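Asks: Just so we're aligned: the sequence shown equals residues 60 to 333 in this note's numbering.
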Amino acid sequence: MDNLPPTTTTARTLSIGLWFLLGTALLVACAKDPDSTPEGTSSSVDHDPGEAVEPAAAPPPTIVDLLPETSSGALGRAAARCDEGDRSSCLEVAVAHRFGRDGVTQDQAFAATVYSRLCDRGALVGCEELAEMILASEVEGTSPDESLTIFRMACDGGRASACVSTVDAMAQLRLGTPEQVQTLLQTGCDAGNHEACVRQIDLVRTDDPAAALAQFLTACEQRNGQACERASDMYALGEGTEVNVRLARDYQHQACTVGFRPACNRRGVGPYNR
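Set out below in structure tokens:
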């Protein structure tokens, strides 16, 4: 996005972690395939016997090593599973420390570290959650606008909800263009995020409500409950069509039926009672 802030130190660190993983995988592949060694080079490194060899860098501390002393035994076990690569355990540990839940003292710096580790491993949920913390000014030494780079990285990586989060962050920070919003929502919608699809249709609702209603109805047929609710509202208000209370009720019911819970709570309320 041309007018967004340049990549920040935090985002560069995350990107470096991801590239490191890719580079490591490439080196392993080359080591397994002797034909992959470029012509005229050796697959082993020759050292002068008298030349000092730098020791390998120490691995980063584990999540267990970094776990605050106030954390419970259950979270300690979750931290161990996190170090073994269990994503849900990492999220459990991070959420507990971000919000001070499960009897632990709030430690947002530690939570950000866990999310960063997840992101480095390629778990885009970690990238999105880290960006959320940065946007909320919960990560010391960062600025909220730095979140945009990380949100966008997660969106481009295939995490549809991060595309919507990028749009929300741009609105909050008053950055971005309508074209960028459209592109992000289209990306999220193409990846199957119902909210992105609905919000994309919302962009044309004021200028062409009839077209918006038609698109909501199409999305509703594809079991997008939020789109069903939008269609219900438009029938109830006579927006882009004649007022039709029966259809308003029907689409509100359909929104609830396909799993959009807010619609279940609204049934029988307001214009649907008439």
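Positions of the beta carbon are idealized from the N, C-alpha and C atoms, including for glycine.
Source: prediction; values computed, not measured.
Indicate whether D244 and Q231 have their beta-carbon atoms separated by less than 7 Å.
Replies: The amino acid at residue 244 is misidentified as Asp; the sequence shows Leu. It is not a contact, given that the beta carbons lie outside the stated cut-off.
Asks: So the alpha helix (DSSP H) F275 belongs to, where does it begin and stop?
Replies: Element bounds for F275: P268 to E280.
Asks: Compute the beta-carbon to beta-carbon distance between V184 and L194, rounded to the nearest angstrom, for a pair I have assumed lies under 8 Å.
Replies: Not confirmed; about 15 Å, so no contact.
Asks: Can you give the Cα-Cα distance for R157 and A171, rounded to whole angstroms?
Replies: If you take the alpha carbons of R157 and A171, they lie about 8 Å apart.
Asks: Which word fits Q313, buried or exposed, when buried means at least 16 other C-beta atoms lie within 10 angstroms of its C-beta?
Replies: Q313 is buried by the Cβ-count criterion.
Asks: Flag this pair as yes or no: are the beta carbons of A213 and A219 separated by less than 7 Å?
Replies: Result no, Cβ atoms of A213 and A219 do not sit closer than 7 Å.
Asks: Taking the beta carbon of Q269 as the centre, do at least 16 other beta carbons fall within 10 Å, making it buried, or is it exposed?
Replies: Per the sequence presented here, residue 269 reads as Ala, with Gln not at that position. A269 comes out exposed.
Asks: Take every Cβ of the stretch 279–291, pair it with every Cβ of the stretch 233–252, and state whether three or more of those distances are shorter than 8 Å.
Replies: The stretch 279–291 vs the stretch 233–252: no contact.
Asks: With DSSP as the reference, label P237 as helix, strand or coil.
Replies: Correct three-state label for P237: helix.
Asks: Does V317 come out as helix, strand or coil in the three-state DSSP assignment?
Replies: It is coil, neither helix nor strand.
Asks: If you follow the alpha helix (DSSP H) that S131 is in, where does it begin and where does it stop?
Replies: Note, S131: premise wrong, no alpha helix (DSSP H); not H, not E.
Asks: Leaving out the 5 sequence neighbours to the left and right, which residues in its chain are closer than 8 Å to Q241 when beta-carbon positions are compared?
Replies: Within the same chain, Q241 has close Cβ partners Q259 and L262.
Asks: Straight-line CA distance for E238 to P203?
Replies: Between E238 and P203, the C-alpha separation is close to 22 Å.
Asks: Where does N252 land, buried or exposed, given buried means 16+ other C-beta within 10 angstroms?
Replies: Answer is buried; the Cβ neighbour count reaches 16.
Asks: Cα separation between A228 and L207?
Replies: Their Cα atoms are separated by approximately 7 Å.
Asks: With a threshold of 7 Å on Cβ separation, who are the neighbours of A139 within its own chain once the five nearest residues in sequence on each side are excluded?
Replies: V123.
Asks: Can you tell me whether L189 is buried or exposed? The criterion is at least 16 other CB atoms within 10 Å of its CB, across all chains shown.
Replies: It is buried - the Cβ of L189 has at least 16 other Cβ atoms within 10 Å.
Asks: When you compare the CB positions of L272 and G299, do they come within less than 7 Å of one another, or not?
Replies: Yes, these two residues count as a Cβ contact at 7 Å.
Asks: Contact check, A182 vs V223 under 8 Å by CB: the rounded distance?
Replies: So it is not a contact: roughly 18 Å between Cβ atoms.
Asks: Just mark L126 as buried or exposed, buried being the case when its beta carbon has 16 or more other beta carbons within 10 Å.
Replies: It counts as buried.
Asks: In three-state DSSP terms, what is P118?
Replies: Residue state, collapsed to three classes: coil.
Asks: In chain order, what residues of the same chain have a beta carbon less than 8 Å from the beta carbon of V257, not counting five sequence neighbours either side?
Replies: The residues are F275, A278, N283, Q285, A286 and R289.
Asks: Who are the near neighbours of Y294 in its chain, counting only those whose CB is closer than 6 Å to its CB and skipping five residues on each side?
Replies: Hits under 6 Å: N303, L306 and A307.
Asks: Provide the residue span of the alpha helix (DSSP H) that contains A195, from first to last.
Replies: Premise fails: A195 is in no alpha helix (DSSP H) and is neither H nor E.
Asks: Mark E151 as exposed unless 16 or more other C-beta atoms lie within 10 angstroms of its C-beta, in which case mark it buried.
Replies: By the neighbour-count rule (16 or more Cβ atoms within 10 Å), E151 is buried.
Asks: Does the Cβ of R211 have 16 or more other Cβ atoms within 10 Å, making it buried, or fewer, making it exposed?
Replies: That one is buried.
Asks: Grab me the residues of V163's own chain with a C-beta within less than 8 Å of its C-beta, minus the 5 sequence neighbours each way, in chain order.
Replies: Closer than 8 Å at Cβ, skipping near neighbours: P127, T129, S130, S131, L134, A155 and H156.
Asks: Below 8 Å on the Cβ atoms is my contact criterion, and I expect E205 with Q167 to pass it. Report the Cβ-Cβ distance as a whole number of Å.
Replies: With a Cβ gap of about 15 Å, E205 and Q167 do not count as contacting.
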